[in-house]
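> Protein sequence lines correspond, in order, to chains A and B. Just so you know, my numbering puts 113 at position 120 of the first sequence, and the rest follows in order with no gaps. Just so you know, my numbering puts 10 at position 17 of the second sequence, and the rest follows in order with no gaps. All residues carry an ideal CB built from backbone N, CA and C; glycine is no exception. Only a predicted model underlies this, so the values are computations on that prediction, with no experimental measurement involved. If you scroll down you'll find the structure; I have some questions about it.
2 protein chains.
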Amino acid sequence: MVLDIGEVSAKAGVSPSALRYYEDIGLIASVARHGLRRQFSAEVLLQLRLIAWGQLAGFSLGEIAGMFGRNGKPDLPREVLHEKADRLDRQIRELTALRDTLRHVAECPAPTHMECPTFRRLIETTGQSGRWQPRGQKRQPPLRR
Amino acid sequence: MVLDIGEVSAKAGVSPSALRYYEDIGLIASVARHGLRRQFSAEVLLQLRLIAWGQLAGFSLGEIAGMFGRNGKPDLPREVLHEKADRLDRQIRELTALRDTLRHVAECPAPTHMECPTFRRLIETTGQSGRWQPRGQKRQPPLRR
DNA sequence: GTACGAACTCAAGTCAACTTGAGGTCAAGG
DNA sequence: CCTTGACCTCAAGTTGACTTGAGTTCGTAC
Chain A
-6 MVLDIGEVSA KAGVSPSALR YYEDIGLIAS VARHGLRRQF SAEVLLQLRL IAWGQLAGFS
54 LGEIAGMFGR NGKPDLPREV LHEKADRLDR QIRELTALRD TLRHVAECPA PTHMECPTFR
114 RLIETTGQSG RWQPRGQKRQ PPLRR
Chain B
-6 MVLDIGEVSA KAGVSPSALR YYEDIGLIAS VARHGLRRQF SAEVLLQLRL IAWGQLAGFS
54 LGEIAGMFGR NGKPDLPREV LHEKADRLDR QIRELTALRD TLRHVAECPA PTHMECPTFR
114 RLIETTGQSG RWQPRGQKRQ PPLRR
């Protein structure tokens, strides 16, 4: 069973132009053409799920391709995958703290939060994560975002 | 005690140009100038922490400004803040699942993951989140990155 | 008092991830 | 057979978040 781009778009919630773009960069593949029209297998719906998932985590399309690219075979060595999982672990912890802070901010009646001790405690116990290296060494691609 | 831009940059791990940019867009403020040089209060170190935090969660600088902008006073109504916190909750759940999947991928010996039942189960149980609306209605700014 | 280095301004460039637009193709329905 | 609507290509534009570069201005140390 094949789908054409409009169906994939509707089912996956991804615009046709984005799908063409993903194909251009080799993140997904169409199985054939019907005249001009790309035909996709239902498989791509799962792949698109993974892609959306990776994006949510702030991975670039390049990283996502490395993790699941081409039929879910990771191109990356175990070691690197574990590293990404660890990065996610840290991120989950930070997000949890941020969520709590946000809820606090929503409720706390203090006029300016910088004076609220609960708030400051929440901030102060957060690990420094977004590093910027003063000179040399390439950076990670941004979040994205 | 005031800091000049180089010190803030070093302590916060944010480049001087990014700091100027944040000031331009009104996300942070310098307390004064010493000659040409911006002088920052130590306060901005905390603000920068919040900013990095928000970015990690995929919020845009605009959203971050709304949540904590100007001395941590949120400009946003409680309701919206709770909404953001809920968005974070969902995100945390997804990230947790993604992390587990990633660890599985790193270990599972299956030649192609799309055939591994554990893998498929992990993917299939993920909620659809990255919606694209076929026509009308403005979208949220992307992740970021 | 002069040289140094750290900051400054402002315009332009960059990168990822798409979107938009103009103009073309094609298969199925009437 | 002809129209229509969904799809196509390719180049160019957009947005957010910065960075880079050229040319300028200072405060501090010597």
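(1) Are there 16 or more other CB atoms within 10 angstroms of the CB of Met60/B, so buried, or fewer, so exposed?
(2) Need the endpoints of the beta strand (DSSP E) that Val24/A sits in, please.
(3) Put Val(-5)/B into one of helix, strand or coil per three-state DSSP.
(4) I'd like to know whether the C-beta of Phe105/A is nearer than 7 angstroms to at least one C-beta of chain B.
(5) Measuring CB to CB, does Trp46/B end up less than 7 angstroms from Leu(-4)/A?
(6) Given that a residue counts as buried once 16 or more other Cβ atoms are within 10 Å of its Cβ, and exposed if not, what is Val7/A?
(7) Hey, how far is the Cα of Ala3/B from the Cα of Leu12/B?
(8) Confirm, please, whether the CB-CB distance from Val24/B to Ser10/B is below 7 angstroms.
(9) Which of the residues in the segment 11 to 33 of chain A, read from start to end, lie with their CB under 8 angstroms from any CB of chain B?
(10) Where does Ser8/B sit, in a helix, a strand or coil, going by DSSP?
(11) Going straight from the alpha carbon of Ile44/A to that of Ala103/A, what length do you get?
(12) What residue range is occupied by the uninterrupted alpha helix (DSSP H) comprising Asp79/A?
(13) Determine, using beta carbons only, whether Arg71/A comes closer than 7 angstroms to chain B.
(14) For Val37/B, which option in Arg30/B, Ile21/B, Gln48/B has the closest C-alpha, if you only look at C-alpha atoms?
(15) Under a CB-based cut-off of 7 angstroms, is Gln74/B close to chain A?
(16) Can you look up Phe33/B in the DSSP assignment and give me helix, strand or coil?
(17) From which residue to which residue does the alpha helix (DSSP H) around Thr111/B run?
(18) Please list, in chain order, the residues of the segment 40 to 64 of chain B that have any C-beta partner in chain A closer than 8 angstroms.
(19) Are the C-beta of Pro9/A and some C-beta of chain B separated by less than 7 angstroms?
Taking the structure as given:
(1) Along the second sequence, read from residue 1 onward, the residue named residue 60/B stands at position 67. By the 10 Å Cβ count, Met60/B comes out buried.
(2) In the first sequence, residue 24/A corresponds to position 31, counting from 1. Note, Val24/A: premise wrong, no beta strand (DSSP E); not H, not E.
(3) Here residue -5/B refers to the residue found at position 2 of the second sequence. When secondary structure is reduced to three states using DSSP, Val(-5)/B falls in the strand class.
(4) For the purposes of this step, residue 105/A is taken as residue 112 along the first sequence, with counting starting at 1. The sequence as given places Thr at residue 105/A; Phe does not occur at that position. For Thr105/A, the nearest CB of chain B lies under 7 angstroms from its own CB, placing it at the interface with that chain.
(5) Along the second sequence, read from residue 1 onward, the residue named residue 46/B stands at position 53. Along the first sequence, read from residue 1 onward, the residue named residue -4/A stands at position 3. Using a Cβ distance threshold of 7 angstroms, Trp46/B and Leu(-4)/A do not count as a contacting pair.
(6) Here residue 7/A refers to the residue found at position 14 when the first sequence is read from its first residue. Buried is the call here.
(7) Residue mapping note: residue 3/B aligns to position 10 of the second sequence, counting from 1. Residue mapping note: residue 12/B aligns to position 19 of the second sequence, counting from 1. Answer to the nearest angstrom: the Cα atoms are 11 angstroms apart.
(8) Your numbering for residue 10/B matches position 17 in the second sequence. Your numbering for residue 24/B matches position 31 in the second sequence. Between Ser10/B and Val24/B, the C-beta gap is not smaller than 7 angstroms, which leaves the two residues out of contact.
(9) Under the 8 angstroms Cβ criterion, the segment 11 to 33 of chain A contributes Ala11.
(10) Stepping through the second sequence from its first residue, residue 8/B is reached at position 15. Reduced to three states, the DSSP call for Ser8/B is coil.
(11) As a position in the first sequence, residue 44/A is number 51, starting the count at 1. As a position in the first sequence, residue 103/A is number 110, starting the count at 1. Each residue's Cα considered, the two are about 41 angstroms apart.
(12) The residue labelled residue 79/A in the question sits at position 86 within the first sequence. From DSSP, the alpha helix (DSSP H) with Asp79/A extends over 71 to 100.
(13) As a first step, residue 71/A must be located in the first sequence, where it is residue number 78. Interface residue, yes.
(14) The count along the second sequence starts at 1 and reaches residue 37/B at position 44. Looking at the Cα atoms, Ile21/B is the closest of the given residues.
(15) Mapped onto the second sequence, residue 74/B falls at position 81. Note on residue identity: the sequence assigns Leu, not Gln, to residue 74/B. Cβ-Cβ to chain A under 7 angstroms: yes for Leu74/B.
(16) For the purposes of this step, residue 33/B is taken as residue 40 along the second sequence, with counting starting at 1. Strand.
(17) Indexing the second sequence from 1 puts residue 111/B at position 118. From DSSP, the alpha helix (DSSP H) with Thr111/B extends over 110 to 117.
(18) For the segment 40 to 64 of chain B, the set of positions with a beta-carbon nearer than 8 angstroms to some beta-carbon of chain A reads Arg42, Leu43, Ala45, Trp46, Gly47, Gln48, Leu49, Ala50, Gly51, Ser53, Met60, Phe61, Asn64 in chain order.
(19) Stepping through the first sequence from its first residue, residue 9/A is reached at position 16. Using a Cβ-Cβ cut-off of 7 angstroms, Pro9/A does not count as an interface residue toward chain B, since no Cβ of chain B sits closer than that to its own.
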